[in-house]
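Numbering (the working numbering), first residue to last: 19 to 611.
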Amino acid sequence: MLHSILEERLRAAFATAFPDTDVGEITVRPCQNPKFGDYQCISVMPLAKKLAAEGEKPNPRPIATNVLEALDVADLCEKVEIAGPGFINFYVKVEGIESVCKAAARGEHLFFEKTRKPRTIVIDFSSPNVAKSMHVGHIRSTILGDALSRLFRLLGHNVITDNHIGDWGTQFGMLLVGWKEHLDQVALEADPIPELERVYKLVNSLTKTDKVVADRARDELVKLQGGDKENFGVWKKLIALSETQFEEMYARLGVKFDHALGESFYNEKLPGIVEDLLDTGIARVTDGAIGVFSDGNLPKKQDPFLNQKDGEWVGIPALVRKKDGGFNYTTTDLATLEHRNSEWHPQEIVYVTDDRQQQHFQQLFAAYLRWRPETSAKLAHVWFGKILGDDRKPLKTRDGDNVKLKDLLNEAEERAFRIVDEKNSELDEAAKREIARIVGIGAVKYADLLPHRQSDYVFDWDKMLSFSGNAAPYLQMSYTRICGIRRKTEAAGHDASIQPDLLKLGEEAEIALAKKLLGFGLVLDAVGEDYRPNLLCNYLYELSGLFSKFFEQCPVMKSEAAIRRSRLVLCDLTARVIEQGLNILGIETSEVM
RNA sequence: GCUCCCGUAGCUCAGCUGGAUAGAGCAGCUGCCUUCUAAGCAGCUGGUCGCAGGUUCGAAUCCUGCCGGGAGCGCCA
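Here it is as structure tokens:
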């Protein structure tokens, strides 16, 4: 890739001119302002600071001059300039861009390189609960986690996705009472999850006022935990009903998991873990419960097991066993980490959850590293913000319930259908439905991935489906337009096959588009580095914008043969990058819209 | 009280981790369809980057202190 070649050459030049420098700190990156060239190096200024003698003013420009004398990039660049306080600006030759594009057109790459150091990466995301509807709270985790999984796989890593389903816990006591005493069989058969939610809510509210019901729920839970045959059977049934729902949702979202090891998978391991933590002194008894406390090895401010209240530092333990003998989610999560490490030996384990769990994961990781100090895997909590409604409060239905994922996806497709129907009424019903599906689901996903993952965002149908501006349909349409060009060119009797060597960049819009294509790989690396797909969204939007300009200014079909063949190559590359980029985001494309 | 996050155009948000003159979309005006999908393109208008200091060649970005908003803080997950 052009960028990495320039970087290598520049590093070599630095090594020649200043043998003591750490060339790893020398980087080349695309210019944000085309006025200063195509690529730039800003590393000379900080370097000059280091090289300057004590008390002496750093002087970057002479350093840059010396480096340029040792640099040979005449084959790739029109010129290389030193500018401002010590920027090195590269103006690349069009032939250099063309040659990278031709290689891509020949199928040698798609403007990115697979990693040279493949890692095994476990990604934990989605985590819905049994007997409950998937809702807005699962959207970001599911969509973000899936996008990251797709990216890391594409970059050549060994990705293991694991859905940590909530299939165990106190709620099953109430569900069992509900199942046995309040279930409406007809409703259950018609649509099981809402009926399960109904009886759960019913029993839950009864327990608040009726001690008898509360005791029954506890008894049923104890029986389940004790392996009671009947309750175990009901529990299995609840899981099976829920799995049907999960599969339906994941199929609509195009999300797949390698594993779905729920909380219950780790049940038997929990007592042993708590004993181990007690034996090693990592955990101790507190008010009848058992918890992991601070070991005092961190500064108080950074210690996840401490908090300041009224001027005094108090311990915030991560409880691993409740007073009543039940286990907490920290215990399950420790068991999960242990299993993932021993089973899969990953270099990295990624948790995709909401921002409220930051403290939990800090405690979890700290506790685990104390328990298993030999751990070498990178433990990452990739957290994200809330989805808000118009009122800027967490998105809810009018009744104050969570918005169900199913309803949300239905509405997305329905709204998309109305637009497709209006814009493209001549298509048959099935085609319109399919386009509406791709557009509707794509719009929801893109709206979720576009903001910085850590910020809250306001859910806005009109915005995500407005079909103008930075939204999925605009990107999908760019792809569709390219398909249209290819189709019409062929229909007009021209040869629309791709001949890589016929690529010749002339117009400004062509060169700008091609340059943007070259930046694809850098963006993918940046997304992986910080787990931030929004960088890819921005890139694809800019790429589509440059394509639109090209589309306006550079006719393909009506140009003379040589130009037509060249532009077809550029179109094809653009379509492939958009398709690949959207694919990473889990968004489909359509040849017709 | 403590920890984390946020505060950028009228609105919704980016801003590549310290780079050159802070960018989009929406909203509001102005042009462009007998021409590959106008679901588009070109242009105009719009900014004390919450406030005040500091660090340096250079700050929306880093450090400190305020102001304002959100989340979390012992047996839920």
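No residue lacks a Cβ here, since even glycine has one placed at the ideal position from N, Cα and C.
Since the model is a prediction, treat every value here as computed from it, not as a measurement.
Hey, residue i and residue j are a contact pair by Cβ (cut 8 Å); roughly how many whole angstroms apart?
i, j, result
"Ala395", "Ile367", "6 Å"
"Tyr475", "Leu558", "The Cβ separation is near 18 Å, so there is no contact."
"Gln326", "Thr348", "In fact, because the Cβ distance is near 22 Å, the residues do not count as touching under 8 Å."
"His178", "Asp276", "Checking the displayed sequence, the identity of residue 178 turns out to be Ile instead of His. At roughly 5 Å, the Cβ-Cβ gap stays under 8 Å, so Ile178 and Asp276 are in contact."
"Phe183", "Ser167", "The amino acid at residue 183 is misidentified as Phe; the sequence shows Ile. Not quite, the Cβ-Cβ distance comes to about 17 Å (not below 8 Å), so this is no contact."
"Gly187", "Glu281", "7 Å"
"Val112", "Leu397", "No, Val112 and Leu397 are not in contact; Cβ-Cβ is about 46 Å, not under 8 Å."
"Lys533", "Ile115", "6 Å"
"Leu586", "Leu564", "Not quite, the Cβ-Cβ distance comes to about 17 Å (not below 8 Å), so this is no contact."
"Ala527", "Cys572", "6 Å"
"Leu295", "Val310", "7 Å"
"Ala454", "Val438", "5 Å"
Given a cut-off of 8 Å, decide if residue j and residue i are closer than it, judged by their beta-carbon atoms.
i, j, result
"Gln494", "Val457", "yes"
"Phe617", "Ile44", "An answer regarding residue 617 cannot be provided, because it is not within the stretch 19 to 611 covered by the chain."
"Asp164", "Val273", "yes"
"Lys463", "Leu316", "no"
"Leu206", "Val252", "no"
"Ala461", "Leu445", "no"
"Leu591", "Ala122", "yes"
"Thr371", "Ser159", "yes"
"Leu259", "Pro212", "no"
"Pro76", "Ala70", "yes"
"Gly537", "Ser473", "no"
"Val421", "Val154", "yes"
Residues in its own chain within less than 8 Å of residue i by CB, not counting five upstream and five downstream?
i, result
"Asn552", "Leu467, Leu468, Pro469, His470, Arg471"
"Glu215", "Ala149, Lys150, Ser151"
"Leu324", "Ser312, Lys318, Trp331, Val332, Gly333, Ile334"
"Asn620", "Since the first and last residues shown for the chain are 19 and 611, residue 620 lies out of range."
"Arg124", "Pro518"
"Ser486", "Tyr492"
To the nearest angstrom, report how far apart residue i and residue j are at their CA atoms.
i, j, result
"Ile20", "Val118", "The question names Ile, but residue 20 in the sequence shown is Leu. Rounded to the nearest angstrom, the two C-alpha atoms are 7 Å apart."
"Ile459", "Ile605", "8 Å"
"Ala235", "Asp373", "32 Å"
"Tyr109", "Met267", "49 Å"
"Arg594", "Tyr284", "43 Å"
"Arg358", "Phe264", "23 Å"
"Ile257", "Asp185", "7 Å"
"Lys506", "Cys49", "36 Å"
"Gly55", "Cys501", "32 Å"
"Gly344", "Val338", "9 Å"
"Cys589", "Ala490", "19 Å"
"Ala510", "Asn442", "23 Å"
"Arg583", "Cys95", "26 Å"
"Gly418", "Val221", "19 Å"
"Asp321", "Arg29", "41 Å"
"Leu355", "Phe383", "9 Å"
"Glu429", "Ala208", "21 Å"
"Leu427", "Arg451", "13 Å"
"Lys287", "Arg416", "43 Å"
"Val46", "Asn107", "9 Å"
"Ile100", "Ala92", "15 Å"
"Glu26", "Glu578", "40 Å"
"Ile503", "His512", "11 Å"
Between residue i and the rest of its own chain, which residues show a CB-CB distance below 7 Å, the 5 nearest in sequence each way excluded?
i, result
"Gly174", "Lys132, Thr133, Pro136"
"His156", "Ser144, Pro146, Leu423"
"Val545", "Leu169, Pro551, Leu553, Leu554"
"Met63", "Pro78, Pro103, Gly104"
"Thr34", "Ala88"
"Tyr497", "Ala593, Ile596, Glu597, Thr607"
"Ala307", "Leu337, Arg339, Lys340, Lys341"
"Asn84", "Ala35"
Take residue i and list the residues in its own chain whose beta-carbon comes closer than 6 Å to its own, dropping the five residues that flank it on each side.
i, result
"Lys241", "Asn249"
"Asp351", "Leu382"
"Leu224", "Val231"
"Asn181", "Ser144, Phe275, Ala278"
With a threshold of 7 Å, establish whether the CB of residue i neighbours any heavy atom of the ligand FMN.
i, result
"Gly191", "Summarising the ligand content, the structure contains no ligands, and the ligand FMN is consequently not present."
Discussion item. Which runs of the alpha helix (DSSP H) at least 4 residues long sit entirely within the stretch 357-402? Give them in chain order.
Written reply: 376-389
Worksheet item: Can you list the beta strand (DSSP E) stretches of 3 or more residues lying completely in the stretch 25-64, in chain order?
Response: 57-59
Fill in: Inside the stretch 116-184 only - alpha helix (DSSP H) runs reaching at least 4 residues
154-172
Worksheet item: For the stretch 437-461, which segments carrying the alpha helix (DSSP H) assignment without a break, of at least 4 residues, lie completely within its bounds, in sequence order?
Response: none
Discussion item. List, from N- to C-terminal side, the alpha helix (DSSP H) runs of 4 residues or more that fit wholly inside the stretch 202-226.
Written reply: 203-208
Worksheet item: Can you list the beta strand (DSSP E) stretches of 3 or more residues lying completely in the stretch 243-319, in chain order?
Response: 301-304, 307-310
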